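J.:
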Amino acid sequence: MARFCFLLETTMPTYKAPVSDTVFLLSDVFGYARYANAPGFSEAPLDVVEAVLSEGAKFVEQVVQPLNRIGDIEGCKRGDDGAVTTPKGFKEAYKRLVEGGWVGLSGDPAYGGQGLPSFVGALFGEYECSANIAFSMYPGLTRGAVAALAAHGGDELKARYLSKMTTGEWSGTMNLTEPHCGTDLGLIKTKAVPQGDGSYAITGQKIFISAGEHDLTDNIIHLVLARIEGAPAGVKGISLFLVPKFLPDADGGIGERNAVACGSIEHKMGIHGNSTAVLNYDGAKGWLVGEAHRGLPAMFVMMNGARLGVAVQGLGLSEVAYQNAAAYAKERRQGRSLKGAAEPDKSADLLLVHPDVRRMLLEIRAFNEAARALLVWIAVTQDEARLLPDAKMRAAAEDRLGLVTPVLKGVFTDYGFANAVKAQQVLGGHGYIAEWGMEQFVRDARIAMIYEGTNGVQALDLVGRKLPKDGGRAIMAFFGEISGFLAANKDDAALAPYLGALKASLGHLQQATLWLQANGLKDPDNAGAASYDYMHLMGLTALGYMWARIVKTVLAKQTAGESTPDLDAKLVVAKFFNERMLPETSAHLARLSAGAQTLMALPAEAF
Ligand SMILES: Cc1cc2nc3c(=O)[nH]c(=O)nc-3n(C[C@H](O)[C@H](O)[C@H](O)COP(=O)(O)OP(=O)(O)OC[C@H]3O[C@@H](n4cnc5c(N)ncnc54)[C@H](O)[C@@H]3O)c2cc1C
Numbered sequence: 000m001a002r003f004c005f006l007l008e009t010t011m012p013t014y015k016a017p018v019s020d021t022v023f024l025l026s027d028v029f030g031y032a033r034y035a036n037a038p039g040f041s042e043a044p045l046d047v048v049e050a051v052l053s054e055g056a057k058f059v060e061q062v063v064q065p066l067n068r069i070g071d072i073e074g075c076k077r078g079d080d081g082a083v084t085t086p087k088g089f090k091e092a093y094k095r096l097v098e099g100g101w102v103g104l105s106g107d108p109a110y111g112g113q114g115l116p117s118f119v120g121a122l123f124g125e126y127e128c129s130a131n132i133a134f135s136m137y138p139g140l141t142r143g144a145v146a147a148l149a150a151h152g153g154d155e156l157k158a159r160y161l162s163k164m165t166t167g168e169w170s171g172t173m174n175l176t177e178p179h180c181g182t183d184l185g186l187i188k189t190k191a192v193p194q195g196d197g198s199y200a201i202t203g204q205k206i207f208i209s210a211g212e213h214d215l216t217d218n219i220i221h222l223v224l225a226r227i228e229g230a231p232a233g234v235k236g237i238s239l240f241l242v243p244k245f246l247p248d249a250d251g252g253i254g255e256r257n258a259v260a261c262g263s264i265e266h267k268m269g270i271h272g273n274s275t276a277v278l279n280y281d282g283a284k285g286w287l288v289g290e291a292h293r294g295l296p297a298m299f300v301m302m303n304g305a306r307l308g309v310a311v312q313g314l315g316l317s318e319v320a321y322q323n324a325a326a327y328a329k330e331r332r333q334g335r336s337l338k339g340a341a342e343p344d345k346s347a348d349l350l351l352v353h354p355d356v357r358r359m360l361l362e363i364r365a366f367n368e369a370a371r372a373l374l375v376w377i378a379v380t381q382d383e384a385r386l387l388p389d390a391k392m393r394a395a396a397e398d399r400l401g402l403v404t405p406v407l408k409g410v411f412t413d414y415g416f417a418n419a420v421k422a423q424q425v426l427g428g429h430g431y432i433a434e435w436g437m438e439q440f441v442r443d444a445r446i447a448m449i450y451e452g453t454n455g456v457q458a459l460d461l462v463g464r465k466l467p468k469d470g471g472r473a474i475m476a477f478f479g480e481i482s483g484f485l486a487a488n489k490d491d492a493a494l495a496p497y498l499g500a501l502k503a504s505l506g507h508l509q510q511a512t513l514w515l516q517a518n519g520l521k522d523p524d525n526a527g528a529a530s531y532d533y534m535h536l537m538g539l540t541a542l543g544y545m546w547a548r549i550v551k552t553v554l555a556k557q558t559a560g561e562s563t564p565d566l567d568a569k570l571v572v573a574k575f576f577n578e579r580m581l582p583e584t585s586a587h588l589a590r591l592s593a594g595a596q597t598l599m600a601l602p603a604e605a606f
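Under numbering that gives the first Met the number 0, the residue at position 117 of the sequence shown is numbered 116, and the numbers go up by one with no gaps.
This is the structure we're talking about:
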């Protein structure tokens, strides 16, 4: 126990899922009731969604979160036979996760899923990640593999694998990375040789494969990018294969062991409870998913889902770090208020009297609450793109999803890490000491900025692909959405003080977009040099728009006579965001407008 543990009941981090905030956003801010008759949504009325999220919250708080620390300390262990053991308690918790139907929450009922719209799974995902990010990755990757297989797999593969994977009885993985090939998938060497019976022999090495080997499920189904013999070079010659650890027997159960083995697992900075495996494929039997040489678009189904999933990891860690830092600041006493002792009868005042401690807490909270709103909006957009009967509305939702996905991944995970560090700072030296749990949040949050496409690559995807796509239709719609909101509310005197900073940041984003149009094409390095700031400028503007919508909802409730401390607090946090965080958009604009010249000026030998 630490020297100061007498100050607090316990040093172990705790977590309470913010269900009421999620439901407030869904129902009040985004008007979920309007989907009451929409196919796919109608089976999930608000009371059902709320009940599911509340039950899910209990499950992660009581079963999953208590394993977070032990998972970090014990980590995964690989035996001499290549088998990997997960930390104590993971197996039992995973079994309960499967039995409770949580893996297949948004899965297809035809394959044993619960059939809820996918946004429910995404919102539950935040709670899973806050509770235990390493554990959450096992079901998370499985859900992604299910989506790719459902979208691109042939009937036989679907019949054989989808039921067991949808429920979580068998888990899934994503195999892209090789020792010489990370971001640049065109370099993939793993080869696939047709066997004449419809199967392929897969040979090669994949590294950094999350959940690549473990003891939670009887079988692990790997989705593997490989190159069919004689395929064209580059990304156009890559195909996607399903390679099971065990080949299913005639009854669909566990059959012969396939020729894929775990060569080692990585010792790494965080997420110790998730095994990161080197997988050696030695002529392993695999089956093509989708068309030959069209593996990347098929894998993109999994990668896009995973990008949103990783964004949620950033938010989840930021939220749990905030909760524990705020609890600490409400109990720890150091120094006196600058205005004189706030509690003269006590030895010192609470940390919360210090403006700088409040700054740190409010910076985290102002992000968390707006980011949760953005998550709700985009998670519902995902279902709109799939379920709405009107083709135009589906296309508009698809545009928004495509545009905002890299922003969510890059911005949420950058803030996730920065906020974990800020929360650690609130605890002073104790934040650096393992038993308080804050340093684990920092270590766990770091990977989210790297995997699923580094954040720099997300920014390039945004600027290089998503902005120019369809003549800029998606970004124009995004501008239209925010300017439409500003115009519709311009005469609302109560709301007006909350809209000035948003209007300015939208202007910065529009100027930045024009700058890119004018300068990116004539020198592509200008686009590359601007991309990171552009991504953050857009992220801040989107978060600012979320705050504007939250404030509008709160003010309407207050006008109707509803007043609670939570609603009052939202207005203060919104103001804080507008005064102290949203103005950063002007710095992003100034930086990106500097162009690439200085950035590219030094010759390689000068570095
Ligand atoms: C713990 C962990 C778990 C992982 N899980 C999985 C998994 O389950 N499945 C899987 O397939 N992979 C997984 N990965 C791999 C991960 O996705 C890659 O590490 C990541 O995509 C980056 O690839 P790289 O490490 O080879 O870095 P590189 O591609 O070598 O990049 C190095 C740096 O250069 C930058 N860079 C590279 N190319 C460009 C470019 N064209 N333009 C601008 N900047 C560029 C990058 O942003 C980065 O900063 C995991 C990695 C880790 C550490």
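By construction, the Cβ of each residue, glycine as well, lies at the ideal position given by its N, Cα and C atoms.
All figures in this text were calculated on a predicted structure; none of them were measured in a lab.
Could you pull out every residue in the same chain whose Cβ sits closer than 7 Å to the Cβ of LEU601, ignoring the five residues on either side in sequence?
T.: Closer than 7 Å at Cβ, skipping near neighbours: no residue.
J.: Would you report the Cα separation of LEU122 and GLY304, rounded to the nearest angstrom?
T.: Whole-angstrom Cα-Cα distance: 13 Å.
J.: Looking only at its own chain, which residues have a Cβ that is under 8 Å from the Cβ of VAL119, when we skip the five neighbours before and after it?
T.: Counting only Cβ-Cβ distances below 8 Å, and skipping sequence neighbours, we find ALA43, VAL48, VAL51, LEU52, LEU104 and SER105.
J.: Could you give the distance in angstroms between the alpha-carbon of VAL425 and the alpha-carbon of VAL356?
T.: Each residue's Cα considered, the two are about 6 Å apart.
J.: Hey, out of GLY543, HIS535, HIS151 and LEU307, whose CA is closest to ASN577's CA?
T.: Closest by alpha carbon: GLY543.
J.: So, are the CB atoms of PHE440 and ALA326 less than 8 Å apart?
T.: No, these two residues do not count as a Cβ contact at 8 Å.
J.: Out of curiosity, what's the CA-to-CA distance linking ALA191 and ALA291?
T.: Approximately 11 Å, taken between the alpha carbons.
J.: How about ASP300 and ALA146: do their beta carbons lie closer than 8 Å?
T.: The amino acid occupying residue 300 in the given sequence is Val; Asp does not appear at that position. The answer is yes: Cβ separation under 8 Å.
J.: Quick one: Cα of LYS57 to Cα of VAL550, how far?
T.: About 29 Å.
J.: Give the range of the alpha helix (DSSP H) segment to which TRP546 is assigned.
T.: Segment 523 to 558, the alpha helix (DSSP H) holding TRP546.
J.: With DSSP as the reference, identify every bridge partner of HIS221, one or two as the case may be.
T.: Answer is THR172 and VAL242, bridged to HIS221.
J.: Measuring CA to CA, which of GLY254, GLN194 and THR141 is closest to GLY171?
T.: The candidate whose alpha carbon is nearest that of GLY171 is THR141.
J.: Using a Cβ-based criterion (distance less than 7 Å to any ligand heavy atom), does GLY455 qualify as near ligand 1?
T.: Yes.
J.: Do you know whose CA, among ARG159, ALA92 and ASP107, lies nearest SER135's CA?
T.: Residue ALA92 is the option with its Cα nearest to SER135.
J.: Could you have a look at VAL300 and say whether DSSP puts it in helix, strand or coil?
T.: In the structure shown, VAL300 sits in a helix (DSSP, three-state: H, G or I).
J.: Can you tell me whether ASP443 is buried or exposed, with buried defined as 16 or more other CB within 10 angstroms of its CB?
T.: Flag for ASP443 reads buried.
J.: If you measure from the CB of GLY233, is any heavy atom of ligand 1 nearer than 7 Å?
T.: Result no, Cβ not under 7 Å from ligand 1.
J.: So what does DSSP say about CYS180, is it helix, strand or coil?
T.: Strand, per DSSP.
J.: Within 7 Å: the Cβ of GLU54 and any heavy atom of ligand 1?
T.: No; taking the cut-off as 7 Å, the Cβ of GLU54 has no heavy atom of ligand 1 nearer than that.
J.: Here's a check: name, in chain order, each residue in its chain whose Cβ is nearer than 7 Å to the Cβ of ALA547, leaving out the five neighbours to either side.
T.: Hits under 7 Å: PHE484, TYR497, LEU498 and LEU501.
J.: Applying the criterion that 16 or more other CB atoms from any shown protein chain within 10 Å of the CB defines a buried residue, is HIS535 buried or exposed?
T.: Buried, because 16 or more other Cβ atoms sit within 10 Å of the Cβ of HIS535.
J.: TRP286 by DSSP, collapsed to three states: which one?
T.: In this structure, TRP286 counts as strand in the three-state DSSP scheme.
J.: Report yes if the C-beta distance between LEU161 and ALA150 is below 8 Å; otherwise report no.
T.: It is not a contact, given that the beta carbons lie outside the stated cut-off.
J.: With distance defined between alpha-carbon atoms, name the residue in PRO193, PHE245, ALA511 and ALA568 nearest to ARG590.
T.: With distances taken between Cα atoms, ARG590 lies closest to ALA511.
J.: Check this for me: beta carbons of LEU224 and MET298, under 8 Å apart or not?
T.: In this structure, MET298 lies closer than 8 Å to LEU224 by Cβ.
J.: Span of the beta strand (DSSP E) holding ARG256?
T.: 253 to 256 is the extent of the beta strand (DSSP E) around ARG256.
J.: Helix, strand or coil for CYS261 per DSSP?
T.: CYS261: strand per DSSP, three-state reduction.
J.: Output the distance between the C-alpha atoms of MET0 and GLU434, rounded to the nearest integer angstrom.
T.: With a pLDDT of 40 at MET0, under the threshold of 50, the modelled position of this residue cannot be trusted, and the question is left open.
J.: Would you list the one or two residues that DSSP bridges to VAL83?
T.: The partner list for VAL83 (beta bridge, DSSP) reads ARG77.
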